């Protein structure tokens, strides 16, 4: 009887695991199957034609990359500052420090559309910028901030105490320790957190729908106000709603495949970094 | 100097987040004044007549998330037991990496798959019940369950691995089988972390916008007489997020009351997901500290 | 050497402990050509060691020499940590590594006490029954008898008899260790492996455990790993010395306490 339960549990667990892997793996295969036919050099390098029924997605790629780059430039200094605040300037174990951390864990769960609406109210309407790539960058930065901040915090936490003690014993001030020990060691945390957050941000549609992107008619922005961009996720979103038109098929799947490739590349880039961090923290 | 700028940037970032919360509260005031409690309890959303009762959307969000959890939790926790207890270290790492990669698939792509595959399966599968189309609350729930799986598996795996090896070895040393050790030592002691996985999965499901928008049907005022009746699941519905992602948000801005109603929905969403995520994070922290 | 294995104190209907006469004499465990590897690293080698019946075999040696690893081979806990084992160990004339061995049953027959008391987060009573109740179904009454008998054998009954339903974590460290002992005894093992069982305890609890060992060897065979030579002298009937030889733990000396520790013994010869 005991043996039976032993076998059953193993079967159930490994069975569930296989089902999960099959479902998720199957999704990738479907997308690849449908999307690969559409991929060609002209698809990747030329602009959209016929309202998406043909042509390429170059400007969509450019738009997406512009948005996530802007977002990263905004997030990085803010995240580093917040992590330093939590680890160095405040008492690491103190109530404020822990509260700050919990605050960001909670923010991570806020749906990104909320950030989009915030950006819409403040920048698009109140500041009268209209739809703009910069608003998109700001909104994505807000949604990325918790992830990147937490990644850096965790990396800083993992810095072996012996380095900090040794530096302090040599007479370095807190600021000097920050620049000579903490920041250099945290760079992998920044890189990893950034890559993962950027991967997520690249695929976001909701926050940029009202703030930064349109379906057709934009190329590269030439200012801030009234300067939306084309983006991959929004493109897919709009085309998906008209998906009864068979001509859309390859365009749609091709765009989806490119977007996934972008997201996957960013995530995969983070892997070796995480391996390094894993090794380092097991000194 | 470093200290000064650290504080400056930090406060700037924190101010932005708090400003967000305050802004939503402030902007929603008109509708809260106009409707009071019936904003969340009444099922009548007719924006042209300035009637705003969001009960159907709250119901929609909750129902869709519960369907997602009902599938994702057993399947996900089972898979987590598989990765945590039965896979050798190398394979475990590969499985986790794979799962994370999949967690990164954008919602719009899931939505696409929902439209092109799931929608038809639901329609065909339930044709006996004469659904109007494949865009239903059930479809959204099923799609969400897949989206939430990676979260549950990863967090579940973490929770199970956090149980100390000493406890597990002591149990095996007494002669307990692997299964008995999992059932009587590992699972009970992983409790908090497993709850964290469920809560955070729920939060993720509640907050998902685009995928749900594409397959839920977007029909207002769909609230069954009996909250537990299953027939509503095969009808089109509306969730907080699908409304926010829709056309109404674009046209509402000019009308203060209408706009207040919209931001009110966002505020509700913010409060619910905030609460659930906060709880889940607290549990997760406690499970790691143990 | 041989003693009848009568369960004079047991009031429970016990799992059959009767050993057929032909194996009542002779060592309870025999280790032959044993080697343990962690990946490429050769951790331990024991060419030949017999664990005598109803005696205390002390295993001594410097820390890191593989004494704990040796214990964990005997109840195959090494399976759980991916260590590779070559050679053989015979328990009651059968190899413990043979195909078809019921490893869970083996572990119930060869119990283990760890250095840090590992108490389960449940009541005292549930702790004691944890292993035993999987071996046979017991009525409520039988359960209480089993618990009392085990706790008495571990010399802790008087201290906890009024709080069997209380959380075990409330006990002091010394009491927890005796509780772990009771838990192991409840499965009625032939052999009890003890991995430095007193190094985390205060002197009084240490003394209590040591006097328990004297009593326990009447009905069980004990293998005790210790890094305290004085404890080995006090408690052990035979000794085995494991030392590090060219990076690998090796059994370098075994025999009577005097043979190993005495004036003309192994240690003196170094």
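Protein chains in written order, with the numbering used here: chain S, 15 to 297; chain Y, 828 to 1117; chain Z, 336 to 605. For each residue, glycine too, the CB sits at the ideal point set by N, CA and C. These numbers come from a predicted model, not from an experiment.
Does the beta carbon of residue i sit closer than 8 Å to a beta carbon anywhere in chain Z?
{"i": "residue 1115 of chain Y", "result": "no"}
{"i": "residue 1007 of chain Y", "result": "yes"}
{"i": "residue 994 of chain Y", "result": "yes"}
{"i": "residue 997 of chain Y", "result": "yes"}
{"i": "residue 908 of chain Y", "result": "no"}
{"i": "residue 1049 of chain Y", "result": "no"}
{"i": "residue 1004 of chain Y", "result": "yes"}
Going by C-alpha to C-alpha distance, which of the options sits closest to residue i?
{"i": "residue 364 of chain Z", "options": "Z:406, Z:400, Z:401 and Z:374", "result": "Z:406"}
{"i": "residue 967 of chain Y", "options": "Y:985, Y:923 and Y:947", "result": "Y:947"}
{"i": "residue 453 of chain Z", "options": "Y:1042, Y:837, Y:992 and Y:1053", "result": "Y:992"}
{"i": "residue 927 of chain Y", "options": "Y:868, Y:912 and Y:978", "result": "Y:978"}
{"i": "residue 1040 of chain Y", "options": "Y:866, Y:854, Y:888 and Y:877", "result": "Y:888"}
{"i": "residue 79 of chain S", "options": "S:284, S:272 and S:28", "result": "S:272"}
{"i": "residue 552 of chain Z", "options": "Z:562, Z:399 and Z:529", "result": "Z:529"}
{"i": "residue 485 of chain Z", "options": "Z:437, Z:472, Z:382 and Z:522", "result": "Z:522"}
{"i": "residue 526 of chain Z", "options": "Z:504, Z:558, Z:501 and Z:532", "result": "Z:558"}
{"i": "residue 964 of chain Y", "options": "Y:1061, Y:936 and Y:1025", "result": "Y:1061"}
So, for residue i: in the same chain, excluding its five sequence neighbours on each side, which residues have a beta-carbon less than 7 Å away from its beta-carbon?
{"i": "residue 1109 of chain Y", "result": "none"}
{"i": "residue 908 of chain Y", "result": "987 and 1009"}
{"i": "residue 970 of chain Y", "result": "937, 941, 945, 1038 and 1042"}
{"i": "residue 49 of chain S", "result": "267, 268, 270 and 271"}
Looking at the C-beta of residue i, does it have a partner C-beta in chain Y at a distance below 8 Å?
{"i": "residue 172 of chain S", "result": "no"}
{"i": "residue 453 of chain Z", "result": "yes"}
{"i": "residue 119 of chain S", "result": "yes"}
{"i": "residue 123 of chain S", "result": "yes"}
{"i": "residue 146 of chain S", "result": "no"}
{"i": "residue 30 of chain S", "result": "yes"}
{"i": "residue 283 of chain S", "result": "no"}
{"i": "residue 202 of chain S", "result": "no"}
{"i": "residue 189 of chain S", "result": "yes"}
{"i": "residue 501 of chain Z", "result": "no"}
{"i": "residue 139 of chain S", "result": "yes"}
{"i": "residue 132 of chain S", "result": "yes"}
{"i": "residue 291 of chain S", "result": "no"}
{"i": "residue 593 of chain Z", "result": "no"}
{"i": "residue 80 of chain S", "result": "no"}
{"i": "residue 277 of chain S", "result": "yes"}
Using a Cβ-based criterion (distance less than 7 Å to any ligand heavy atom), does residue i qualify as near the ligand ATP?
{"i": "residue 21 of chain S", "result": "Questions concerning the ligand ATP fall outside what the structure shown contains, since it holds no ligand whatsoever."}
Here's a check: name, in chain order, each residue in its chain whose Cβ is nearer than 8 Å to the Cβ of residue i, leaving out the five neighbours to either side.
{"i": "residue 1100 of chain Y", "result": "1030, 1033 and 1034"}
{"i": "residue 508 of chain Z", "result": "452, 535, 536, 537 and 540"}
{"i": "residue 215 of chain S", "result": "81, 82, 85, 154, 157 and 158"}
{"i": "residue 390 of chain Z", "result": "552, 556, 557, 572 and 573"}
{"i": "residue 357 of chain Z", "result": "Legend: pLDDT at residue 357 of chain Z = 45, less than 50; position of this residue unreliable, value from coordinates given subsequently. Excluding residues within five positions, none has a Cβ falling inside 8 Å."}
{"i": "residue 287 of chain S", "result": "202, 205, 206 and 209"}
{"i": "residue 524 of chain Z", "result": "443, 444, 445, 446 and 555"}
In chain order, what residues of the same chain have a beta carbon less than 6 Å from the beta carbon of residue i, not counting five sequence neighbours either side?
{"i": "residue 425 of chain Z", "result": "365"}
{"i": "residue 972 of chain Y", "result": "895, 898 and 899"}
Closest Cβ-Cβ distance between residue i and chain S: below 8 Å?
{"i": "residue 1108 of chain Y", "result": "yes"}
{"i": "residue 853 of chain Y", "result": "no"}
{"i": "residue 963 of chain Y", "result": "no"}
Residue i CB to nearest chain C CB: under 8 Å?
{"i": "residue 45 of chain S", "result": "Structure shown: chain C not included; protein chains present are S, Y and Z."}
**OP:** Using a Cβ-Cβ cut-off of less than 8 Å, list which residues of the region 520-539 of chain Z approach chain Y; keep chain order.
**Re:** 522
**OP:** Can you give me, in chain order, the residues of the region 205-229 of chain S that have a beta carbon less than 8 Å from any beta carbon in chain Y?
**Re:** 210, 213, 214, 216, 217, 218, 219, 220, 223 and 224
Subject >> Residues in the region 942-959 of chain Y having any Cβ partner in chain S nearer than 8 Å >> reply: 942, 943 and 944
Subject >> Inside the region 50-115 of chain S only - beta strand (DSSP E) runs reaching at least 3 residues >> reply: none
**OP:** Could you name each continuous alpha helix (DSSP H) segment of 4 residues or more that falls completely within the region 158-212 of chain S, going from the start of the chain to the end?
**Re:** 175-183 and 188-191
Subject >> Residues from the region 401-433 of chain Z in contact with chain Y, defined by Cβ distance under 7 Å >> reply: 410, 412 and 415
**OP:** Name, going along the chain, the residues of the region 89-120 of chain S whose beta-carbon falls closer than 7 Å to a beta-carbon of chain Y.
**Re:** 91, 92, 95, 96, 98, 99, 103, 116, 119 and 120
**OP:** Select from the region 455-473 of chain Z all residues with a C-beta closer than 9 Å to any C-beta belonging to chain Y, and list them in chain order.
**Re:** 455, 456, 457, 465, 466, 467, 469 and 470
**OP:** Mind listing, in chain order, the continuous alpha helix (DSSP H) runs of no fewer than 4 residues lying wholly within the region 869-932 of chain Y?
**Re:** 882-908 and 916-930
Original post:
Quick one: complete beta strand (DSSP E) runs, 3+ long, within the region 512-545 of chain Z?
Top reply: 526-530
Subject >> In chain order, each beta strand (DSSP E) run of at least 3 residues that lies wholly inside the region 269-297 of chain S >> reply: none
**OP:** May I have a chain-ordered list of the alpha helix (DSSP H) segments no shorter than 4 residues that lie completely inside the region 1014-1096 of chain Y?
**Re:** 1018-1034, 1037-1042, 1067-1071 and 1074-1079
Subject >> Residues, ordered as in the chain, of the region 236-254 of chain S that lie near chain Y by beta-carbon distance below 7 Å >> reply: 247, 250, 251 and 254
**OP:** Pull out every residue of the region 1034-1048 of chain Y whose Cβ sits closer than 9 Å to any Cβ of chain S, in chain order.
**Re:** 1034, 1035, 1036, 1037, 1040 and 1041
**OP:** Can you check the region 563-588 of chain Z for any beta strand (DSSP E) of at least 3 residues that lies completely inside it and give the ranges in chain order?
**Re:** 573-580
Original post:
Which whole runs of the alpha helix (DSSP H) in the region 437-485 of chain Z are 4 residues long or more, in chain order?
Top reply: 438-444 and 459-470
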